Every structure is written in C-alpha cells, then in structure tokens.
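Below is one structure, written out as structure tokens; the observations come after it.
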Amino acid sequence: MEKVTVSTSSKYEILIEKGLRKKVKDLLPKKDDCKYILLTDENVDRLYGAEMSAELSEYKVIKYVLKPGENSKSFEELQKFLEFMAREDVNASDILIAFGGGVVGDFGGFAAGIYRRGIEYIQLPTTLLSQVDSSVGGKTAVNLSEGKNMVGLFKQPLAVYCDPDFFKTLEDQDFSSGVGEVIKYGVLFDRELFEVLSHGIDKNQDLSQIVKKCVELKRDIVEADEYDNGKRQLLNLGHTLAHAIEIKAEYGITHGRAVAIGTMVMVRACKEEGIFIGEVQQVENCMQRNNLPTSTEFSVEELFELIERDKKRRGSYINEILIEEIGKCRLQKFDFTGLRQLIEKGIK
Ligand SMILES: NC(=O)c1ccc[n+]([C@@H]2O[C@H](COP(=O)([O-])OP(=O)(O)OC[C@H]3O[C@@H](n4cnc5c(N)ncnc54)[C@H](O)[C@@H]3O)[C@@H](O)[C@H]2O)c1
Ligand SMILES: [Zn+2]
36 MEKVTVSTSS
46 KYEILIEKGL
56 RKKVKDLLPK
66 KDDCKYILLT
76 DENVDRLYGA
86 EMSAELSEYK
96 VIKYVLKPGE
106 NSKSFEELQK
116 FLEFMAREDV
126 NASDILIAFG
136 GGVVGDFGGF
146 AAGIYRRGIE
156 YIQLPTTLLS
166 QVDSSVGGKT
176 AVNLSEGKNM
186 VGLFKQPLAV
196 YCDPDFFKTL
206 EDQDFSSGVG
216 EVIKYGVLFD
226 RELFEVLSHG
236 IDKNQDLSQI
246 VKKCVELKRD
256 IVEADEYDNG
266 KRQLLNLGHT
276 LAHAIEIKAE
286 YGITHGRAVA
296 IGTMVMVRAC
306 KEEGIFIGEV
316 QQVENCMQRN
326 NLPTSTEFSV
336 EELFELIERD
346 KKRRGSYINE
356 ILIEEIGKCR
366 LQKFDFTGLR
376 QLIEKGIK
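36 is the number of the first residue of the sequence shown in this note's numbering; add one for each residue after it.
Quick look at the structure:
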C-alpha cells in the first residue's frame with residue numbers, strides 16, 4: 036500500500052492501493068460509539084453500494100444517496116442532507132464518508148465542515164479526478180447560480196482512501212476528464228510524468244503510481260500554501276479558460292476536458308510570446324493520445340465576456356499561469372487587456 040502524508044493545519048494520510056475498497060473496514064478509525072454517514076451518489080451506489088455496505092456491516096452506518104452530477108452541489112440539496120443528519124442524531128463523534136467523485140467529496144466535505152460547527156470526514160474518492168485532485172487539500176464547496184464553488188470552506192479530511200480499481204467502471208468522458216488534470220500536473224511540475232502520459236493511459240491499467248505521483252505533487256503545493264494565497268494558484272493552469280468553456284457549454288463538457296483545452300491554449304500562447312521553449316506539438320500529441328480535445332469552438336469574445344466575471348478576479352487583475360517548459364511554470368499578474376491579448380494568441 037502506498038502512503039502519502041499531508042501536513043497541513045491537521046495532518047492526515049492518503050492511502051493508495053488497487054482493491055483497497057475491500058479493506059476499508061480495517062482502515063477506519065473505529066472510534067467507540069461512532070456512527071458512519073456513508074454519503075454517495077446513485078451511480079456509485081448502483082455499482083458499489085451493496086459491496087460497501089457489506090464491507091461496513093459491523094459498523095453503525097447510515098447511507099444518503101445524492102443524484103449524480105454537478106446540480107447536487109446546491110444549497111437545496113445541502114439543506115436536505117443536513118436535516119437528514121439532524122433527524123438521524125448525527126453528533127460530533129460521528130464520521131462522514133464521502134464515497135464518490137468530486138461532487139460527493141466537495142458537497143460532503145462542506146456539509147461536514149458546517150454541520151454542528153464541524154464533524155470529521157473521510158474521502159473515499161471513486162473517480163480519477165477526485166483521487167488526484169479534489170479529495171486532496173481540503174477545499175470543499177457548493178455552487179450558487181452565479182458560479183461554481185462560490186460558497187465553501189477549507190476543511191482537511193481525516194484520511195483519504197484511493198482505490199484505482201474504481202476507474203474501470205468510469206464512463207470514457209469521466210476518465211479522460213481526470214486525465215486532463217493529470218496532464219496538467221505533468222506540464223506544471225513533472226516532465227517525467229508528462230512523458231509517461233504521452234504514450235496514452237487507459238482506465239484498465241494499474242494507475243496506482245500515477246495517482247501517487249499526482250497526490251504527492253498536490254500535497255507539496257498544499258503544504259506550502261494551504262489557503263490558496265500564492266503557490267497553490269499554480270494548480271489553476273488552464274482553468275481561467277476552462278471555467279469559461281464549461282459555462283458556455285452549459286456544463287456539457289467535463290471539467291478536466293475543458294482544462295485540457297485551457298492548458299493547450301496557454302501552451303500555444305506562451306510559445307507565441309517566446310515564453311515556452313518546448314514543442315507545442317508534443318503537448319498536442321499527448322492530449323490527443325488521451326482522447327482529449329485541444330481547441331474550442333467558442334470565440335475569444337464569447338469566452339472573455341465570461342472570464343471578466345470569473346470569481347478568481349482580484350480587483351482588476353487575474354493571476355495567470357505561464358508555461359516556460361514542460362515541468363516548469365510561473366504565476367504572472369495580468370490586467371484584462373493583457374490577458375485577452377495572450378488568450379487570442381493561443382486560440383486557433
Ligand atoms: N475540492 C477541490 O479541490 C476540487 C478540485 C477539482 C474539482 N473539484 C470538483 O470536483 C467535481 C468533479 O469531480 P468528478 O469529475 O469526480 O465528477 P463527479 O463526482 O460528477 O463524477 C463524475 C461521474 O462519474 C460517476 N462515478 C463516480 N465514480 C464512479 C465509478 N467508480 N464508476 C462509474 N461512475 C462513477 C458519477 O456518478 C458522475 O456521474 C466538480 O464539482 C469540481 O468542482 C473540486
Ligand atoms: Zn480543475
């Protein structure tokens with residue numbers, strides 16, 4: 036079993052192993068007199084619910100099932116879930132298990148953060164994206180109609196249990212969404228990881244080492260900047276554009292696929308500007324081998340209108356991530372005119 040320790044305001048371990056879902060019962064903290072609230076969504080419940088209930092049969096477990104998809108990250112759903120926990124007498128010694136993708140993890144972490152001023156929670160992520168990204172680092176949130184993740188808090192989990200065998204049942208679009216974020220890590224920090232990804236990865240191969248590498252890279256960033264005031268913003272590579280594309284497509288594109296386009300646009304723009312010293316084609320090939328899109332049908336005008344409303348706007352500036360070479364990036368402040376000029380150079 037691989038173990039990655041995260042030393043933030045609270046310290047916790049991320050455990051990674053194929054088949055780990057069959058060991059959850061022995062990994063849980065086993066507090067006396069504790070109930071577990073198993074929060075999941077309908078897809079994960081259909082595929083793994085019975086197996087997980089059997090695994091946890093010797094514990095007191097109450098289950099709550101969300102509808103799959105981003106719409107569940109709403110105040111309305113949150114209130115229903117908080118009221119469910121209240122009816123079930125969930126108290127400060129009980130532990131929530133967020134068993135699903137990033138939606139369940141973000142929603143569950145936020146609910147755990149605010150219910151009775153906070154109970155503990157464990158992440159049991161079931162998608163590639165949630166194992167390499169959303170379950171690590173303690174960002175939790177729900178959405179407002181004005182934008183994604185607009186209300187949330189930092190709450191580190193008690194532990195994260197990653198079983199890469201879960202990927203086998205993912206829809207192709209959901210798997211490649213995770214790969215989009217994994218390639219982002221390679222471009223940001225790690226040429227070796229990028230080279231591995233360049234051959235293309237698939238959901239049936241053993242991805243434990245790739246998950247571990249990404250988790251370590253994210254851990255290093257989160258430890259250096261837990262509350263997202265500096266270095267952690269590097270993780271937003273390609274995200275300014277990705278968010279605009281997601282909104283414009285009315286979420287008909289998965290997040291990581293939009294990130295792939297956003298990253299590609301930044302690679303091209305940085306090449307045009309003489310900042311990126313690598314080969315654009317190499318990044319494009321990597322995306323394509325992983326069935327990821329590399330361009331958008333939307334115009335700069337359409338996307339920029341949305342970028343101006345982006346929540347990451349700080350005053351009249353946006354911190355953008357520039358790529359110098361594969362594995363080396365930096366943050367730079369742009370005003371809107373400068374950012375628009377940059378993005379225009381990257382959109383084909
Ligand atoms: N907190 C953070 O730091 C952070 C970082 C990145 C993304 N996010 C959030 O994560 C969310 C996206 O996460 P996601 O991509 O995991 O989406 P998701 O949770 O919607 O899961 C994608 C789909 O896969 C299904 N699914 C989950 N596990 C499965 C499995 N093993 N087999 C088959 N189907 C399965 C789900 O039911 C859903 O339909 C977004 O809400 C995003 O804002 C948060
Ligand atoms: Zn992302």
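Using N, Cα and C, we set each Cβ at its ideal position, and we do this for glycine too.
The structure displayed is predicted, hence computed values, not measured ones.
Item	Value
Proximity below 7 Å, CB of Ile296 to CB of Val335	no
Candidates Ser165, Val171, Ser107: closest to Thr40 by CA position	Val171
Per-residue burial, Asp200 [other beta carbons within 10 Å of its own, 16 or more giving buried]	buried
Gln158 at chain B interface by Cβ criterion, 7 Å	In the structure shown, chain B cannot be found, because there is only a single protein chain.
Reference Arg344; option with closest CA among His290, Glu181, Glu118, Glu77	Glu181
Where Cys69 sits in the DSSP three-state scheme	coil
Helix, strand or coil at Gln158 [DSSP, three-state]	strand
Local conformation of Gln240 per DSSP, three classes	coil
For review: beta carbons within less than 6 Å of any heavy atom in ligand 1	Asp76, Asn78, Val79, Leu82, Pro103, Gly104, Glu105, Lys108, Gly135, Gly136, Gly137, Val138, Val139, Asp141, Thr161, Thr162, Leu164, Ser165, Asp168, Ser169, Gly172, Lys174, Lys183, Asn184, Phe201, Thr204, Leu205, Asp209, Ser212, His290
Same chain only: Cβ atoms within 6 Å of Val318, ignoring 5 sequence neighbours per side	Val302
Length at least 3, wholly inside the segment 127-173: the beta strand (DSSP E) runs in chain order	130-135, 155-160
Start and end residues, beta strand (DSSP E) containing Thr40	37-42
Segments of 3+ residues assigned as beta strand (DSSP E) that fall wholly inside the segment 199-254	none
Separation of Val250 from Leu73, as counted between CA atoms	24 Å
Inter-residue Cα distance where the pair is Ala89 and Phe134	15 Å
Rounded separation between Thr161 and Tyr94 - CA only	21 Å
Identity of the residues DSSP links to Asn354 by a beta bridge	Lys368
Proximity below 7 Å, CB of Ile51 to CB of Ser243	yes
Leu357 vs Cys305 beta-carbon contact at 7 Å	yes
Outcome for Ala147 when other beta-carbon atoms lying within 10 angstroms are tallied against a minimum of 16	buried
Nearest residue (CA-CA) to Phe339, options Arg324, Ile361, Gly291, Thr275	Thr275
Which of helix, strand or coil DSSP assigns to Ile282	helix
Three-way DSSP call (helix, strand, coil) for Thr331 in this model	coil
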